[in-house]
Amino acid sequence: GVGYSWIDGLKSHAEQHVTNKMMLNAERIFPHNTPVTKEAYYYRMIFERFFPQNSAKLTVPGGASVACSTAKAIEWEGFWSNNLDPSGRGALGVHNAAYKKKSGSISPAKLAPSIADNVPRMMDITGPEIVIRS
1 GVGYSWIDGL
11 KSHAEQHVTN
21 KMMLNAERIF
31 PHNTPVTKEA
41 YYYRMIFERF
51 FPQNSAKLTV
61 PGGASVACST
71 AKAIEWEGFW
81 SNNLDPSGRG
91 ALGVHNAAYK
101 KKSGSISPAK
111 LAPSIADNVP
121 RMMDITGPEI
131 VIRS
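Heads up: the sequence shown runs through residues 1 to 134, numbered per UniProt numbering.
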């Protein structure tokens, strides 16, 4: 389908630039509508770099999403909750290359400490420079 490689590329890029350690601290870094995937975390870093005001982050809805819908839409169509994906590829039966497996979020209980320290920090793709200062 159109855009599949773009979606996969964004997910891969986020996977390379958001570490497991960053995900473990996501709730402290982003207490409002905490991102639960590396892709969401990456988008949130970009958003808050350009819109650092608290009032800006309060305009963005959080929660589960399929095809950019809100959590309320997922309540209307319960089968969507089995395969959440903001890009829409999680909408089974709609796309030729829909994701078949539910994407999980990373939590401290699922993450082994040995993994967190061995995440690659560099890749060949150039992207916007984002620095988060604490």
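For glycine and all other residues, C-beta sits at the position ideal for the given N, C-alpha and C.
Just verifying my parser: in three-state terms, what is the DSSP assignment at residue i?
i	result
Gln16	helix
Phe47	helix
Leu24	helix
Leu58	coil
Can you list, in chain order, the residues of its chain with a C-beta nearer than 6 Å to that of residue i? Leave out the 5 residues immediately preceding and following it.
i	result
Gln53	none
Lys11	Glu39
Pro113	Reliability of the predicted coordinates at Pro113 is poor, the pLDDT of 46 falling under 50, and the value obtained from them is presented with this limitation in mind. Nothing meets the Cβ criterion.
Here's the rule: buried if 16 or more other CB atoms are within 10 angstroms of the residue's CB, otherwise exposed. What is residue i?
i	result
Arg28	exposed
Under 8 Å between C-beta atoms, does residue i make it to chain C?
i	result
Asn54	Judged by its chain identifiers, the structure shown contains no chain C, having just a single protein chain.
Leaving aside the five residues before and after residue i along the sequence, list all residues of the same chain whose C-beta is less than 8 Å from its C-beta, in chain order.
i	result
Tyr41	Ala14, Val18, Met22, Met23, Ala26, Phe30, Pro35
His32	Lys57, Leu58, Gly62
Val60	Asn33, Phe47
Taking just the CA atoms, how far does residue j sit from residue i?
i	j	result
Trp76	Glu39	25 Å
Phe50	Arg44	10 Å
Gln16	Gly9	11 Å
Grab me the residues of residue i's own chain with a C-beta within less than 7 Å of its C-beta, minus the 5 sequence neighbours each way, in chain order.
i	result
Glu48	Lys57
Ser55	none
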